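Working notes, beginning with the structure itself.
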Amino acid sequence: ASNSKRIDGEALAGQRLARVAGQVATLVDAHALTPGLAVVLVGSDPASQIYVRNKHRQTVAAGMHSYLHQLPDTTSQAQLLALIAELNADPCVHGILVQLPLPARISPAAVLAAIDPDKDVDGFHEVNIGRLWRGDDGPVPCTPMACRLLLHHVLGENLSGLEAVVLGRSNIVGKPLANLLLREDCTVTLAHSKTRDLPALCARADILVAAVGRPEMVTAEWVKPGATVIDVGINRIHDDAATKPRLVGDVAYDDVSRVAAAITPVPGGVGPMTIACLLDNTVAAACRQHGLTVPD
Ligand code: NDP
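Its first residue numbered 4, the sequence shown is counted upward by one per residue in the UniProt record's numbering.
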């Protein structure tokens, strides 16, 4: 597998973060405005703790305020809603993110609906889903936004007429990404667990995005030669009890590298870019709340 095919999400995210840091510096200097992001984690899920810590670290590194709220497993829905009401009212907080999944007791729909749509930097509020599907200005969910940026890096800005297959139809990845690609004039197929003959369908795609959560499901036979493959999946594999779990994507990387023109690795592909997009959304939210355009 040639290394030139590897889309370096880490490096591209670094460039994006540097750009965000520059925008933040301009907002601080010219408008005395420091964008602030509040991240709320309920419980002690180890993967979520890592994500939340990374978000906190990068937010601070970009010169923004980060407000981390780590609540115990025993937190009630009412307590969480009370915290969200406080954050909605806090003028220092421009973006609010509640880390999913929430404990089963708490309704994610109720919690997401309680966030002020203008502070909803995940873009999961129903108002923002509506804005997205209507083509209005508003926050775009971070992982789909990251996929779009990586595709633009490989293929240029013009994706018009390309065949795109998105595997997975979740509200956080597949559905919003299908919308973004449709907006870019791709011909989009949204595939899922009931789709017939996935390999043949995928083999038509110029752009193939896998977001299913099935380790290394997509193999070379599924991929059209020269296609661009974006692997959103993050799967922890335990080879045996003695070794630490390793991360793999939904795509069999080495196998697919033989046929794809470009492919994102896991880790180091979509993941880092997703955090950069979260910071982008926070800067944009702060600007909107203050009637400013986002600085260059
Ligand atoms: P969900 O579990 O919410 O959705 C999975 C989707 O895949 C569903 O639409 C499901 O179909 C479909 N699916 C499952 N099995 C198959 C199959 N065998 N064939 C075809 N389709 C299938 O997952 P998410 O969208 O939340 O996440 C997907 C993956 O992406 C996970 O590995 C997750 O960890 C990762 N992820 C990575 C992020 C990043 O920043 N890099 C961010 C978010 C997620 P159906 O609807 O029919 O059930």
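By construction, the Cβ of each residue, glycine as well, lies at the ideal position given by its N, Cα and C atoms.
Computed from a predicted model, the values in this text were never measured in an experiment.
For V215, which residues in the same chain have their Cβ closer than 7 Å to its Cβ, ignoring the five residues on either side in sequence? For V215, the CB contacts under 7 Å within the same chain, skipping 5 residues up- and downstream, are L170, G171, G236, D253 in chain order.
One question on the structure: do L184 and V191 come within less than 7 Å of each other, judged by their Cβ atoms? Yes, the pair counts as a contact, with Cβ atoms nearer than the cut-off.
Answer yes or no: do V297 and A288 have a C-beta to C-beta separation smaller than 7 Å? Judged by their CB atoms, V297 and A288 are not nearer to each other than the 7 Å cut-off.
Reduced DSSP secondary structure (H/G/I, E/B, other) of R291: In the structure shown, R291 sits in a helix (DSSP, three-state: H, G or I).
Note down the Cα distance separating K178 from L204, rounded to an integer number of angstroms. So the two alpha carbons sit approximately 18 Å from each other.
Cβ neighbour criterion (16 or more within 10 Å) applied to Q18: The residue is exposed, with fewer than 16 neighbouring Cβ atoms inside 10 Å.
Would DSSP call V215 helix, strand or coil? In the three-state reduction of the DSSP assignment, V215 falls in the coil class, being assigned neither a helical nor a strand state.
Is T267 helix, strand or coil by DSSP? T267: coil per DSSP, three-state reduction.
Quickly, what does DSSP pair I233 with across the bridge? List them, please. DSSP, once it has assigned bridges, lists V212 as partnering I233.
Are A208 and V269 touching if we call contact CB-CB under 7 Å? In this structure, V269 does not lie closer than 7 Å to A208 by Cβ.
Is V226 closer than 7 Å to residue 1 when the C-beta atoms are compared? The question about residue 1 has no answer, for the chain in this structure spans 4 to 299.
Let's test the definition: count the other Cβ atoms within 10 Å of the Cβ of A14 and tell me whether it reaches 16, buried, or not, exposed. Under this definition A14 is an exposed residue.
Please give the ranges of any beta strand (DSSP E) in the stretch 77-120, keeping only runs that are unbroken, at least 3 residues long and fully inside the region. When DSSP assignments are scanned along the stretch 77-120, the uninterrupted stretches of beta strand (DSSP E) that are 3 or more residues long and fall wholly within it turn out to be 98-101.
When DSSP builds the beta bridges, which residues end up paired with E166? Bridge pairing for E166: T190 [DSSP].
So L211 and A230 are supposed to be a Cβ contact under 8 Å. How far apart are they, rounded? Right, the Cβ-Cβ distance comes to about 6 Å (below 8 Å), so this counts as a contact.
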